[in-house]
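Going line by line, the protein sequences match chains V and E. Note that the numbering used here gives residue 744 to position 149 of the first sequence, counting from 1, and the numbers run on in steps of one. Note that the numbering used here gives residue 247 to position 248 of the second sequence, counting from 1, and the numbers run on in steps of one. C-beta: ideal position from N, C-alpha, C; glycine also.
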Amino acid sequence: MNSSALIHALLDGVLTGSLYALMATGLTLIFGVMNIINIAQGILVILGAYLSYTLSVHFGIDLFAGLVITIPTLFLVGIVVERLFMARLKEPERTSMSILVTYAVALIIEGGLNMIYSINIVQLGAWYVDRSFRIFGLWIPYIYMFGFFLAVALLGALYFMLYRTRFGASIRASMADQTAAALIGINVKRVSTICFGLGVAVTAAGGMVYGATNAFNASTSYDLISRLLTIIVLGGMGSLGGALLAAIFMVTLGDVIAVVWSPIWSTPTFFFVLVIVLSLRPQGLFGKQSTRVA
Amino acid sequence: MSKLKPSLWTLALVVFAIFPLIVTNPTFTTIAVFTLLFMACTTSWNMFSGYSGYVSLGSAIFYGCGAYTMALVSTHAHMAGGEAQFWLVPLAGLVAMVVAIPVGAVALRVRRHTFVVITIALFFVFQLLAINFSFTGGAAGISLPLIPWLFNYYNLPFYYVALGLVIFATLLSAGVRRSRFGLQLLAIRDDEDRALGLGVRVTAVKLTGFTMSAFTIGMAGALYAMFIGQIYPQFVFDPTFDITVALMAFFGGFGTLLGPLLGGLILESSQQYLTLTFTNGSLYLILFGVLFLLVILFMPQGIVVRVSQLWAQRNRRRETPLTPDAVAAMGVGH
Numbered sequence: 596m597n598s599s600a601l602i603h604a605l606l607d608g609v610l611t612g613s614l615y616a617l618m619a620t621g622l623t624l625i626f627g628v629m630n631i632i633n634i635a636q637g638i639l640v641i642l643g644a645y646l647s648y649t650l651s652v653h654f655g656i657d658l659f660a661g662l663v664i665t666i667p668t669l670f671l672v673g674i675v676v677e678r679l680f681m682a683r684l685k686e687p688e689r690t691s692m693s694i695l696v697t698y699a700v701a702l703i704i705e706g707g708l709n710m711i712y713s714i715n716i717v718q719l720g721a722w723y724v725d726r727s728f729r730i731f732g733l734w735i736p737y738i739y740m741f742g743f744f745l746a747v748a749l750l751g752a753l754y755f756m757l758y759r760t761r762f763g764a765s766i767r768a769s770m771a772d773q774t775a776a777a778l779i780g781i782n783v784k785r786v787s788t789i790c791f792g793l794g795v796a797v798t799a800a801g802g803m804v805y806g807a808t809n810a811f812n813a814s815t816s817y818d819l820i821s822r823l824l825t826i827i828v829l830g831g832m833g834s835l836g837g838a839l840l841a842a843i844f845m846v847t848l849g850d851v852i853a854v855v856w857s858p859i860w861s862t863p864t865f866f867f868v869l870v871i872v873l874s875l876r877p878q879g880l881f882g883k884q885s886t887r888v889a
Numbered sequence: 000m001s002k003l004k005p006s007l008w009t010l011a012l013v014v015f016a017i018f019p020l021i022v023t024n025p026t027f028t029t030i031a032v033f034t035l036l037f038m039a040c041t042t043s044w045n046m047f048s049g050y051s052g053y054v055s056l057g058s059a060i061f062y063g064c065g066a067y068t069m070a071l072v073s074t075h076a077h078m079a080g081g082e083a084q085f086w087l088v089p090l091a092g093l094v095a096m097v098v099a100i101p102v103g104a105v106a107l108r109v110r111r112h113t114f115v116v117i118t119i120a121l122f123f124v125f126q127l128l129a130i131n132f133s134f135t136g137g138a139a140g141i142s143l144p145l146i147p148w149l150f151n152y153y154n155l156p157f158y159y160v161a162l163g164l165v166i167f168a169t170l171l172s173a174g175v176r177r178s179r180f181g182l183q184l185l186a187i188r189d190d191e192d193r194a195l196g197l198g199v200r201v202t203a204v205k206l207t208g209f210t211m212s213a214f215t216i217g218m219a220g221a222l223y224a225m226f227i228g229q230i231y232p233q234f235v236f237d238p239t240f241d242i243t244v245a246l247m248a249f250f251g252g253f254g255t256l257l258g259p260l261l262g263g264l265i266l267e268s269s270q271q272y273l274t275l276t277f278t279n280g281s282l283y284l285i286l287f288g289v290l291f292l293l294v295i296l297f298m299p300q301g302i303v304v305r306v307s308q309l310w311a312q313r314n315r316r317r318e319t320p321l322t323p324d325a326v327a328a329m330g331v332g333h
């Protein structure tokens, strides 16, 4: 094995890892605020990719410019799903029920996408998908760089909102303690709805770059969601920083394994690491120790 | 919890026992075999997940392991296709149990909702392994020995073995429900910390329940492999199997004895019939998803509980309305 391939894998891992970090942050935001696990996140990424596909193929809109349309669209999809289904879930077993409900939503979207786009595998196209540039003697397609910048910009915006604005403070308050947040006058219901919308909206950006770097169809969503779930469990459910680090770590590790060993083993490695980490730290790397919920 | 009289259970058993003798059309008996397999799996799933509240979305791990045990042993041992293969069914169940021990040991380290997520992740590990290992035949799957039974007779042995699995799973589930062990599982569902405080060895109880439920699911997987005669990793390690089994249990009645049986009976038979009628798989996914949503959102306790509630309401309405006079007459007034 040569070292340039290894450096390539590391670079690739960091670049694509940021994208997974973005998608996993959406998932963590939803879980942290609402205690809901959104299994539909994987298929929503694919929905985002297909929306970009339609805009670029049928309307000739550039992939990045199309985000102006797809991000608000998926934000609305998130709001509708939250209002229609999530708001109706009741304790007890709310989290388990949310998994089943979002799974059902995922199946419906998968069926719909299969009907509209057929099961043929497609990939998004643009000049920056086909062309590469040279850095440290390595050829990197432009889309990886652009995708990285997009993910960093969106994550930056998300973090700025969470940690520097009043609304962000109310989100974090709701993540810490819903009852206490409600007592100090935060409209937890509204915060939940918007968080779900935001958590889903990031899949538009994630889906666009995913669709440009991978060939996909609706059933690709199973691979995506299992990776994303692994990332958030590994990072510690509900920990935003944990999701970020776990995403970069896991994707980089997967890429390195693909180079060192075989691409076949890159996804299983994901899960083996998860199994090992959970045996040592059941709450994940950055998760809080599970406490008794009355 | 709704109770069915012993006479009704017996009647149901008799109906199931004579069904393939009356309905001989192979299309319908094939549907019946699949339906029985799902009834057995759902009952077995419910014996752990329904009683303990730990919803597992990884039951296809055991189904797949059972199917691969049947396929690998019968091909490597050069068995002639036929009755002898049925002896591998309990073996496949045991293999599934052995697999369930490490899977459960990892997944059960965490509390409920993380458990669900980990069972999904572990399921994908198994699917990937089945595709990537060479001894499993990879994505091309495995062909089992051909069974030289006549077309009209073929379904009959499978039907009765599957019925046997349903009876076994039901008796086991009923036995667990009445035992001290079953009460411990229910205590975990109600309040795990309190159960722990009262001296229930929660980890051991959960792992035992999880492993026990793998047994029947593994046997069903083996029977499925033998029935179909050809297995592929993506069809025996199928994510929709995980979710279908859970849906059937929720539809019938999560944590009840009768619920999973009814859920499997109604949903699998109608699903098989629908797939025969509409061959469009995508439309089927949408219908299935919509049905699932309706069940979870509007009947979260399942049809068994809902129907018995309605029945009780109706009976109450037929009784004398509670006027102040009637209350006084009953002597409960002051």
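Going by alpha carbons, who is nearest to residue i out of the options?
i, options, result
"V/S832", "E/G137, E/I117, E/G49, E/A70", "The sequence shown places Met at residue 832 of chain V, rather than the Ser named in the question. Of E/G137, E/I117, E/G49, E/A70, the residue nearest in Cα terms is E/I117."
"E/Q126", "E/F226, E/A66, E/V304", "E/A66"
"V/L605", "V/V872, V/F866, V/T864, V/I852", "V/I852"
"V/F626", "V/V854, V/Q773, V/V872", "V/Q773"
"E/G103", "E/Y50, E/F209, E/F132, E/F240", "E/F209"
"V/A842", "V/S599, V/L733, V/T623", "V/T623"
"V/R683", "E/M298, E/R315, E/G251", "E/M298"
"E/L292", "V/M770, V/V609, V/S693", "V/S693"
"E/M69", "E/A168, E/A221, E/F287, E/I265", "E/A221"
"E/V204", "E/I17, E/T41, E/F47", "E/F47"
"E/A224", "E/P5, E/T26, E/G80", "E/G80"
"E/R111", "E/H75, E/D189, E/W310", "E/D189"
For residue i, which residues of its own chain have a beta-carbon under 6 Å away from its beta-carbon, when the five flanking residues on both sides are left out?
i, result
"E/A213", "F61, A95, M96, A99"
"E/F236", "A59, G63, F125, Q126, A129"
"V/A701", "I634, A635, I638"
"V/A777", "V783"
"V/V888", "Only weak support is given to the placement of V/V888: the predicted model assigns it a pLDDT of 41, under 50, and the value that follows is read from those uncertain coordinates. If we look at V/V888 and ignore the five residues flanking it on each side, it has no Cβ neighbours."
"E/P147", "none"
"V/G621", "G794, V797"
Using the beta-carbon of each residue, which ones in chain E are nearer than 9 Å to residue i?
i, result
"V/E705", "S281, L284, I285, G288"
"V/P863", "F123, V124, L127, L128, N131"
"V/I859", "L127, I130, N131"
Along chain E, which residues have their Cβ under 7 Å away from the Cβ of residue i?
i, result
"V/M681", "Those do not exist, as V/M681 stays about 10 Å from chain E at its closest Cβ, beyond 7 Å."
"V/V870", "V105"
"V/S821", "I119, A120, F123"
Using a Cβ-Cβ cut-off of 7 Å (strictly less than) and excluding sequence neighbours within five positions of residue i, which residues of its own chain qualify?
i, result
"E/M78", "Q84, P144"
"V/G673", "F791, G792, G794, V795, A796"
"E/F33", "E267, Q271"
"V/Y817", "G637"
"V/H603", "L733"
"E/I119", "L56, G57"
Residue i versus chain E: which residues are under 8 Å apart at the beta carbon?
i, result
"V/M547", "Past the boundaries of the shown model lies residue 547 of chain V; chain V is included only from 596 to 889, so the question cannot be answered."
Kindly indicate if chain A contains any beta-carbon less than 7 Å away from that of residue i.
i, result
"V/V804", "Included in the structure are the protein chains V and E, with no chain A among them."
With residue i as the anchor, note down where its beta strand (DSSP E) starts and where it stops.
i, result
"V/L733", "733 to 736"
Alpha helix (DSSP H) containing residue i: first to last residue?
i, result
"E/R188", "179 to 189"
"V/I730", "Note, V/I730: premise wrong, no alpha helix (DSSP H); beta strand (DSSP E) at 727 to 730."
"E/M78", "That residue, E/M78, is in no alpha helix (DSSP H); it is neither H nor E in DSSP."
"E/A83", "Counting along the chain, E/A83 falls outside any alpha helix (DSSP H), and DSSP gives it neither H nor E."
"V/F844", "835 to 855"
"E/L260", "257 to 276"
"E/N45", "25 to 51"
"V/F881", "Where V/F881 is concerned, there is no enclosing alpha helix (DSSP H), given that its DSSP letter is neither H nor E."
"V/D772", "First-last for V/D772: undefined, no H or E at that position."
"E/K4", "Element bounds for E/K4: n/a, residue is neither H nor E."
"E/Y231", "From DSSP, E/Y231 is part of no alpha helix (DSSP H); its letter is neither H nor E."
Apart from the five residues on each side of it in sequence, which residues of its chain come closer than 8 Å, Cβ to Cβ, to residue i?
i, result
"E/V13", "none"
"E/P156", "E82, F85, W148"
"V/L749", "L617, V797, A800"
"V/V696", "F680, M681, L684"
Using 6 Å as the cut-off, classify the Cβ of residue i as near or not near the heavy atoms of the ligand HEM, replying yes or no.
i, result
"V/R822", "With respect to the ligand HEM, the structure shown offers nothing to examine, as it has no ligands at all."
Give the residues of chain V in contact with residue i, contact being defined as C-beta atoms less than 7 Å apart.
i, result
"E/F47", "Simply none; closest approach about 14 Å."
"E/T113", "V828, M832"
"E/P89", "Under the 7 Å cutoff, chain V gives no residues; its nearest Cβ is about 29 Å from E/P89."
"E/A245", "L695"
Below 8 Å on C-beta distance, what does residue i contact in chain V?
i, result
"E/R200", "None at all; the shortest Cβ gap to chain V is about 17 Å."
- [ ] Could I get the ranges of all uninterrupted alpha helix (DSSP H) runs contained in the segment 645 to 706 of chain V, with 4 residues as the minimum, in chain order?
- [x] Every unbroken stretch of the alpha helix (DSSP H) spanning 4 or more residues and falling wholly within the segment 645 to 706 of chain V is given here in chain order: 658 to 679.
Open item on the list: Going residue by residue through the segment 607 to 636 of chain V, where are the continuous beta strand (DSSP E) segments of at least 3 residues, counting only ones entirely within it?
Closed with: Qualifying beta strand (DSSP E) stretches: none in this window.
Task: alpha helix (DSSP H) runs wholly inside the segment 130 to 179 of chain E, at least 4 long, in chain order - done: Listed in chain order, the alpha helix (DSSP H) elements of length 4 or more contained wholly in the segment 130 to 179 of chain E are 154 to 177.
- [ ] Just list the alpha helix (DSSP H) runs in the segment 273 to 311 of chain E, keeping only unbroken ones of 4 residues or longer that don't cross its boundaries, in chain order.
- [x] Secondary structure remark: continuous alpha helix (DSSP H) runs of at least 4 residues inside the segment 273 to 311 of chain E, in chain order: 280 to 297.
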